[in-house]
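So the protein sequences, as listed, match chains C and X. Residue 11 is where the first sequence starts when you use my numbering, and the numbers rise one by one after that. Residue 106 is where the second sequence starts when you use my numbering, and the numbers rise one by one after that. Each residue gets a CB set at the ideal place from its N, CA and C atoms; glycine is no exception.
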Amino acid sequence: MPASYIPPWEDLLRVLPEIVLTVGGTIAMVLEPLLRPEKKRRLGWLALAALLVALWATAVAHVFAGPAFRAMIIVDGFATFFRALVIVVGALAVLCSLNYLERERADSGEYYALVLFSVVGQCLMAASNELIMIFIGLEISSISTYVLAGYLRDDVRNNESAIKYFLLGSFATAFLLYGIAWIYGLTGSTDLSEIRRVLANPELAPAGALVGVSAALMFVGFAFKVSAAPFQIWTPDVYQGAPAPVTAFMSAGPKAAAFAIFLRVYMTAFEPVASRWEPVVWLSALATMLVGNFAALVQNNLKRLLAYSSIAHAGYVMVAVTAHSEIGTAAAMFYLVAYAFMNVGAFAVVTHFARERERYVNVDDLAGLAQRQPVTAALFALFLLSLIGIPLTGGFFGKFYIFKAALEANLYWLTGIGLLNSALAAYYYLRIIVVMYFHEPGEAAATLAPPAPALKVALWSSAVATLVLGVFPSLVLDFAGKSATLAR
Amino acid sequence: MADTILFYIFAAFVLGGGVLTVTRRNSVHSALWLIVSLLGTAGLFLLRQAEFLFAVQIILYIGGVVLLILFVVMLVNLDETARLRQFNKAWWVALACAVVVGIEIWYVLNRGLETLEPGEAPQTAATIEGNTERLADVLFSEYLLPFEIASLLLLVAIVGSVVMAKKRI
Numbered sequence: 011m012p013a014s015y016i017p018p019w020e021d022l023l024r025v026l027p028e029i030v031l032t033v034g035g036t037i038a039m040v041l042e043p044l045l046r047p048e049k050k051r052r053l054g055w056l057a058l059a060a061l062l063v064a065l066w067a068t069a070v071a072h073v074f075a076g077p078a079f080r081a082m083i084i085v086d087g088f089a090t091f092f093r094a095l096v097i098v099v100g101a102l103a104v105l106c107s108l109n110y111l112e113r114e115r116a117d118s119g120e121y122y123a124l125v126l127f128s129v130v131g132q133c134l135m136a137a138s139n140e141l142i143m144i145f146i147g148l149e150i151s152s153i154s155t156y157v158l159a160g161y162l163r164d165d166v167r168n169n170e171s172a173i174k175y176f177l178l179g180s181f182a183t184a185f186l187l188y189g190i191a192w193i194y195g196l197t198g199s200t201d202l203s204e205i206r207r208v209l210a211n212p213e214l215a216p217a218g219a220l221v222g223v224s225a226a227l228m229f230v231g232f233a234f235k236v237s238a239a240p241f242q243i244w245t246p247d248v249y250q251g252a253p254a255p256v257t258a259f260m261s262a263g264p265k266a267a268a269f270a271i272f273l274r275v276y277m278t279a280f281e282p283v284a285s286r287w288e289p290v291v292w293l294s295a296l297a298t299m300l301v302g303n304f305a306a307l308v309q310n311n312l313k314r315l316l317a318y319s320s321i322a323h324a325g326y327v328m329v330a331v332t333a334h335s336e337i338g339t340a341a342a343m344f345y346l347v348a349y350a351f352m353n354v355g356a357f358a359v360v361t362h363f364a365r366e367r368e369r370y371v372n373v374d375d376l377a378g379l380a381q382r383q384p385v386t387a388a389l390f391a392l393f394l395l396s397l398i399g400i401p402l403t404g405g406f407f408g409k410f411y412i413f414k415a416a417l418e419a420n421l422y423w424l425t426g427i428g429l430l431n432s433a434l435a436a437y438y439y440l441r442i443i444v445v446m447y448f449h450e451p452g453e454a455a456a457t458l459a460p461p462a463p464a465l466k467v468a469l470w471s472s473a474v475a476t477l478v479l480g481v482f483p484s485l486v487l488d489f490a491g492k493s494a495t496l497a498r
Numbered sequence: 106m107a108d109t110i111l112f113y114i115f116a117a118f119v120l121g122g123g124v125l126t127v128t129r130r131n132s133v134h135s136a137l138w139l140i141v142s143l144l145g146t147a148g149l150f151l152l153r154q155a156e157f158l159f160a161v162q163i164i165l166y167i168g169g170v171v172l173l174i175l176f177v178v179m180l181v182n183l184d185e186t187a188r189l190r191q192f193n194k195a196w197w198v199a200l201a202c203a204v205v206v207g208i209e210i211w212y213v214l215n216r217g218l219e220t221l222e223p224g225e226a227p228q229t230a231a232t233i234e235g236n237t238e239r240l241a242d243v244l245f246s247e248y249l250l251p252f253e254i255a256s257l258l259l260l261v262a263i264v265g266s267v268v269m270a271k272k273r274i
């Protein structure tokens, strides 16, 4: 009876975003050899169109919410939220890349195809309710990102970035896979809801120490992907070496998707043993905030500084994970959106300012930017203020909701230290603003051409989103709050 | 009875082939002994009525992977490698690891953990339907999506390796 193997059409609609993106990526690769080098830019527009259609497809999939393909994936509010987020991040990254690749004379279809495939992996991660799917999605996303990090192969920094990311990343994935094997051996299932059922049932639950080993192994894998301490060592080198638009992409998209699976696994499958993993995540959150902020204080390279700042921001989200409540999940979701826009925006400015071969990436190079290009400087200042967490920006409400959730979970020490950390972080962000506004223009600022139209779109849309999140946070928070109840 | 004798024959293939693979100085001989070892594994699969894994083992590993290894071996300078020291200084670490794992396996098999009971051997009668058919059934119904998505993973890996290895993009 071969007919029974054909999935129902609702199932196909539930993976529509993935289908759209895969088709888009494949078309980009097929068209690549047919286009003359100067016309390769069109493939970027094709990728952008695919991403916009995928955004629409995400909405369609949400209308048909529910489990699909024998509960391998589940389309709920949580999945839709993160799918939309990673698709938007992908679109912003493509907008930043268009001129960057032209400048570096590396415009090619594979780049855009890899971005699209990476987003497919992240969409699958967001919607997976099953460990095998989580693993495959994570690998699709990671492998594409490894290649993107080393895309300009003649650049030694790119090579360093790609090889470090690849070796350490594969090692971390091995830990995750080993943890999956353990939990499968212990519970006989890779389905998150089923694992939860077994762990919650005192008659079926396997020995606590063995579950602990499995949860710890998977924690190593996830912590690496979200760059939480003590598995954050790779982040500065990889972010600094990779092409600036790729750094923008991987500091927001893959990280948000990794947090999505982190939340889903720990809030559903391992929720019955929450009292065991909570101290570990608590400690990791604390260490991540401290390491990120203190190391960022002494950085002079902009990309490296933003890399450490992204570690610190992962620490804030880890605080929300530690709270392990629905409010905490919603706060983490809101924060990841706010963080994505302000961070991609900041990296878009770095992309614009760096020029060919990324010559100008030091904080001092920004001297006098406000006099030469007041708009660019103002937008950069807005992103930095949002990263600090100044009111009227998305970053403020992000931090506010996270610490509120932490207080409701009685995490007083973590909240206190987190607040001190954000005050500390103000120093290194404000230093950039001071250099831009109060130093005499140097050679780097004087020779800066106005931003290209595509980059302008990326900058302005990130800025508008950051402000909207800061003024009307309920637009996103309401949806996050409704979606934070995960399928169990 | 015949099963037991065959098991020991195949096991001898696996272990003997494995030991000879790492101890031969000539890389081509090593690769050929690896084939013997993998053939033994294929035989063990067949003993357990896993015809599909048996076929995959021979086609994929012996036909594909070892062939590639042989190609690579032929591209490197054989005389040069034959003169190099065969084992590095850390060989005793590997030996210690192997002994520890061996003791662990012996312990688990003999004592057992209360949560880790070796399952009942599958009944031969239950496999009348055919191992390959059942595997296909599970693969194309329950695991359809991972099965299809894995092809995207392979595509990404291929595109990635080409992008990284090409002289000019």
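CA nearest to the CA of residue i, picked from the options
i        : options                                   : result
Gly122/X : Leu111/X, Thr109/X, Phe112/X and Leu137/X : Leu137/X
Leu346/C : Val157/C, Gly131/C and Gly325/C           : Gly325/C
Ser138/C : Leu158/C, Gly87/C, Ala468/C and Gly251/C  : Gly87/C
Leu293/C : Val96/C, Phe241/C and Leu134/C            : Phe241/C
Val301/C : Gly76/C, Ala317/C, Ala456/C and Leu53/C   : Ala317/C
Arg239/X : Glu156/X, Val141/X and Leu125/X           : Glu156/X
Ile272/C : Tyr194/C, Leu141/C and Leu379/C           : According to the sequence provided, residue 272/C is Phe. The question's Ile does not apply to it. Measuring from the Cα of Phe272/C, the nearest candidate turns out to be Leu141/C.
Pro18/C  : Val96/C, Gly54/C, Arg80/C and Pro47/C     : Arg80/C
Phe304/C : Ala295/C, Leu312/C and Ser319/C           : Ser319/C
Met277/C : Ser335/C, Ile243/C and Lys414/C           : Ser335/C
Gly408/C : Leu487/C, Ala78/C, Ile83/C and Phe234/C   : Leu487/C
Pro27/C  : Trp55/C, Ala172/C, Ala57/C and Ala64/C    : Ala64/C
Val290/C : Ser471/C, Met343/C, Leu424/C and Ala270/C : Leu424/C
Ala136/C : Arg115/C, Leu177/C, Thr155/C and Met82/C  : Met82/C
Ala225/C : Trp244/C, Val256/C, Leu187/C and Gly100/C : Leu187/C
Ala284/C : Ala172/C, Val221/C, Asp247/C and Val256/C : Val221/C
Leu429/C : Ala116/C, Glu48/C, Gly399/C and Ala497/C  : Gly399/C
Residues bridged to residue i [DSSP beta-bridge criterion]
i        : result
Ile114/X : Answer is none; Ile114/X lacks a bridge partner.
Val85/C  : Gly76/C
Asn372/C : Asn311/C
Residue i, enclosing alpha helix (DSSP H) - first and last residue
i        : result
Ser432/C : Tyr422 to Phe448
Phe245/X : Asn236 to Ser246
Leu223/C : Rather than Leu, the amino acid found at residue 223/C in this sequence is Val. Residues Gly218 to Lys235.
Gly145/X : Ser132 to Leu152
Pro246/C : Trp244 to Gly251
Asn353/C : Glu336 to Ala364
Ala497/C : Segment: none, Ala497/C is in no alpha helix (DSSP H) and carries neither H nor E.
Val171/X : Val171 to Leu180
Arg382/C : Leu379 to Arg382
Lys49/C  : Run containing Lys49/C: none; DSSP gives neither H nor E here.
Tyr411/C : Gly404 to Glu418
Val481/C : Pro463 to Val481
Pro18/C  : It is not in any alpha helix (DSSP H) - Pro18/C carries neither H nor E in the DSSP assignment.
Val30/C  : Leu26 to Leu41
Glu253/X : Leu249 to Ala270
Phe192/X : Counting along the chain, Phe192/X falls outside any alpha helix (DSSP H), and DSSP gives it neither H nor E.
Phe159/X : Glu156 to Val161
Ala456/C : Glu453 to Ala456
8 angstroms Cβ cut-off: residues of chain A touching residue i
i        : result
Ala123/C : Within the model displayed, chain A is absent; protein chains C and X are what it includes.
- alpha helix (DSSP H) runs wholly inside the segment 116–201 of chain C, at least 4 long, in chain order: Every alpha helix (DSSP H) of 4 residues or more that sits fully in the segment 116–201 of chain C is shown, in chain order, as 119–137, 141–159 and 166–197.
- Query: Three or more C-beta pairs closer than 8 angstroms, one from the segment 249–266 of chain C and one from the segment 204–221 of chain C: is that the case here?
  - Reply: The segment 249–266 of chain C vs the segment 204–221 of chain C: no contact.
- Query: Between the segment 324–344 of chain C and the segment 438–455 of chain C, are three or more C-beta pairs nearer than 8 angstroms?
  - Reply: The segment 438–455 of chain C and the segment 324–344 of chain C do not touch, with fewer than three beta-carbon pairs separated by less than 8 angstroms.
- Message: Using 8 angstroms as the cut-off, can you tell me whether the segment 347–354 of chain C makes contact with the segment 403–417 of chain C, which would need three or more C-beta pairs spanning the two stretches below that distance?
- Response: By the C-beta criterion, the segment 347–354 of chain C is judged to be in contact with the segment 403–417 of chain C, since at least 3 inter-stretch pairs fall below 8 angstroms.
- Query: Within the chosen definition, does the segment 329–346 of chain C reach the segment 372–388 of chain C through at least 3 CB pairs nearer than 8 angstroms?
  - Reply: With the cut-off at 8 angstroms, the segment 329–346 of chain C and the segment 372–388 of chain C do not touch.
- Task: Specify whether the segment 103–114 of chain C and the segment 66–76 of chain C touch according to this definition: at least 3 beta carbon pairs, one from each stretch, less than 8 angstroms apart.
- Result: The segment 103–114 of chain C vs the segment 66–76 of chain C: no contact.
- Message: Give the list of continuous alpha helix (DSSP H) stretches no shorter than 4 residues that lie fully inside the segment 254–321 of chain C.
- Response: Entirely contained in the segment 254–321 of chain C, the alpha helix (DSSP H) runs reaching 4 residues are, in chain order, 254–274 and 284–307.
- Evaluate contact between the segment 366–381 of chain C and the segment 444–458 of chain C, counting only Cβ atoms and requiring at least three cross-stretch pairs below 8 angstroms. Yes, the segment 366–381 of chain C is in contact with the segment 444–458 of chain C.
- Taking 8 angstroms as the threshold, find out whether the segment 187–196 of chain C comes into contact with the segment 157–164 of chain C through three or more Cβ pairs. Contact between the segment 187–196 of chain C and the segment 157–164 of chain C is absent, because fewer than three Cβ pairs lie under 8 angstroms.
- Quick check: the segment 220–230 of chain C against the segment 45–59 of chain C, are there 3 or more CB pairs under 8 angstroms? The segment 220–230 of chain C makes no contact with the segment 45–59 of chain C: fewer than 3 CB pairs, one atom from each, lie closer than 8 angstroms.
- Item | Stretch-stretch touch, CB-based, cutoff 8 angstroms, three pairs: the segment 412–427 of chain C with the segment 108–120 of chain X | Per the Cβ contact rule, the segment 412–427 of chain C is not in contact with the segment 108–120 of chain X (fewer than 3 Cβ pairs under 8 angstroms).
- Item | Cβ contact check for the segment 164–174 of chain X and the segment 128–146 of chain X: 3 or more pairs under 8 angstroms | Yes: at least three Cβ pairs fall under 8 angstroms.
- Can we say the segment 117–135 of chain X touches the segment 115–132 of chain C, given the rule of at least three CB pairs closer than 8 angstroms? No, they do not touch.
- Message: Count Cβ pairs between the segment 362–370 of chain C and the segment 244–251 of chain C that sit closer than 8 angstroms; are there 3 or more?
- Response: The answer is no - the segment 244–251 of chain C does not touch the segment 362–370 of chain C, with fewer than three Cβ pairs under 8 angstroms.
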